[in-house]
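Peer 1:
Residue numbers (my numbering): 2 to 80.
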């Protein structure tokens, strides 16, 4: 996945406890810095594959849900 080297420090891992300072090109219009941090934490804790959904209700971020996929083995007793 391409990354913007101006925004990412390759020596700092996703689970680092050191704070990261990010300078934005514009002010945030929808999410707060706290919500962005929370979403980043969810993404860092996810398994390799999965889906993170942001649920917006009445113009506000209300829920963050994680979906996990499980492959169902084929049954030999198919009808």
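All C-beta atoms, glycine included, are put in the ideal place defined by N, C-alpha and C. None of the values given here were measured: they were computed from a predicted structure.
Rounded to a whole number of angstroms, what is the C-alpha to C-alpha distance between residue 35 and residue 66?
Peer 2: Near 17 Å, if we compare the C-alpha coordinates of residue 66 and residue 35.
Peer 1: Short of 7 Å in beta carbon distance, which residues of its chain neighbour residue 33, apart from the five on each side in sequence? Order them along the chain.
Peer 2: Cβ neighbours of residue 33 beyond the five flanking positions: none.
Peer 1: Can you give me the C-alpha to C-alpha distance between residue 42 and residue 58, rounded to a whole angstrom?
Peer 2: C-alpha separation (whole angstroms): 22 Å.
Peer 1: Just to confirm the assignment, what range does the beta strand (DSSP E) spanning residue 64 have?
Peer 2: Segment 61-68, the beta strand (DSSP E) holding residue 64.
Peer 1: Taking residue 53 as the reference, give the member of 40, 30, 73, 72 with the closest Cα.
Peer 2: Looking at the Cα atoms, 40 is the closest of the given residues.
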